[in-house]
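Contents: one structure, followed by commentary.
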Amino acid sequence: MKRFTSVLLTLITITFSSVAAQMEEGGLLIWEKYTGINGPIMTEYFQMVKDKYAPSTGNTYGLYGRSPTIGYRVTPVQTGGLEGVQEILTVRQEVFGEFTDAEVELWEDAWTSRETMILANVPDLSLIPDDFGVLSVADNPFVDVLVYFLKPQEIQTFRESLARRNELDRELGADDYIMRVYQGMIGTPSPAFLVMQHYENMTDLETGRARRMQARQAVPEWMEVQRRLMGSAREIERFILNRNNELSFSANR
Numbered sequence: 035m036k037r038f039t040s041v042l043l044t045l046i047t048i049t050f051s052s053v054a055a056q057m058e059e060g061g062l063l064i065w066e067k068y069t070g071i072n073g074p075i076m077t078e079y080f081q082m083v084k085d086k087y088a089p090s091t092g093n094t095y096g097l098y099g100r101s102p103t104i105g106y107r108v109t110p111v112q113t114g115g116l117e118g119v120q121e122i123l124t125v126r127q128e129v130f131g132e133f134t135d136a137e138v139e140l141w142e143d144a145w146t147s148r149e150t151m152i153l154a155n156v157p158d159l160s161l162i163p164d165d166f167g168v169l170s171v172a173d174n175p176f177v178d179v180l181v182y183f184l185k186p187q188e189i190q191t192f193r194e195s196l197a198r199r200n201e202l203d204r205e206l207g208a209d210d211y212i213m214r215v216y217q218g219m220i221g222t223p224s225p226a227f228l229v230m231q232h233y234e235n236m237t238d239l240e241t242g243r244a245r246r247m248q249a250r251q252a253v254p255e256w257m258e259v260q261r262r263l264m265g266s267a268r269e270i271e272r273f274i275l276n277r278n279n280e281l282s283f284s285a286n287r
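By the count of the numbering used here, the sequence shown reaches residue 287 at its end, each step adding exactly one.
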């Protein structure tokens, strides 16, 4: 399982020409899920990576906890498309070659398995402020995540429904939150969409969601659009993440 980097590099190289033309503008996302986490060792490992290697690689990433045994590393790829992804993963592989025996041992013991997905930003379906950036993510560390695994024939229905839902939210004044939308490219059951809604804290998440739903439920069209959106998926996975700002790294800070 821990050979994922070289396998993924090969997959990206093979896949690049066939999917590049389908990419959305606005960058990509490397989404890594870690399972079987050993919390203290995981913390020690990523503190070591941040202190010794992250500044030299220049790539920004966020570390998120889902449960005591599940976590995520999220890396935005602002430019270069899949070639940019390949560049980041190549550098990480080169850095790994510089690890001491003790650092390799940390890497081996920090988690049991890791899954990686590459996703494309979908800016026309997202709700983000004009000044959105790394600080916006750090200041809103609680993330309500929904992963929609769509029925193959329902991609357009999902996109149209989410776009219309966003329009209705704007009309209702219920668009006062950060929502990032990504479409799966590599490593996801195709088709899949990832929706990330960012909040300052759990109170903000819970009260904001309840307040918006109260306004939405009074609009029959909103409820119908939501029904179509949910119906376009064969499965929906939902969970809350908490960003670890101390272990996350930004090349701009």
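Every residue gets a Cβ at the ideal spot worked out from N, C-alpha and C, and that includes glycine.
Notebook entry, point to check: Are the CB atoms of Arg250 and Ala208 nearer to each other than 8 Å?
Noted result: yes
Next item on the list: Check each candidate in Gln81, Pro163, Met219, Glu258 and name the one with the smallest Cα separation from Arg199.
Entry: Glu258
Next item on the list: Confirm, please, whether the CB-CB distance from Arg268 to Lys185 is below 8 Å.
Entry: yes
Next item on the list: Mind reading off the beta-carbon distance from Met76 to Gly105? Whole number of angstroms is fine, and I expect it under 8 Å.
Entry: 7 Å
Checklist line | Which residues DSSP lists as bridging Ser101, in chain order | finding: Ile104
Check: Buried or exposed: Leu275, going by 16 or more other Cβ atoms within 10 Å of its Cβ?
Finding: buried
Margin query: Within a Cβ cutoff of 7 Å, which residues of the same chain sit near Asp203, ignoring the five residues on either side of it in sequence?
Written below: Asp209
Check: Per DSSP, what kind of secondary structure is Gln56 in: helix, strand or coil?
Finding: For Gln56, the predicted model reports a pLDDT of 37, less than 50, meaning its position is unreliable and no value from the coordinates is stated.
Check: What's the gap between the Cα of Tyr216 and the Cα of Pro74?
Finding: 31 Å
Next item on the list: Would you please state the rounded distance, in angstroms, between the beta carbons of Ala154 and Arg277? I believe it to be under 8 Å.
Entry: Ala154 to Arg277, Cβ: 22 Å. No contact.
Next item on the list: Determine whether the Cβ of Val171 lies closer than 8 Å to any Cβ atom of chain B.
Entry: Protein chains in the displayed structure number just one, and chain B is not present.
Next item on the list: Please determine, among Trp141, Pro102, Val119, Pro225, the residue with the shortest C-alpha to C-alpha distance to Gln187.
Entry: Pro225
Notebook entry, point to check: Name the DSSP beta bridge partners of Pro288, please?
Noted result: With the chain running from 35 to 287 in the structure shown, residue 288 is simply not present.
Checklist line | Inter-residue Cα distance where the pair is Asn72 and Ser90 | finding: 26 Å
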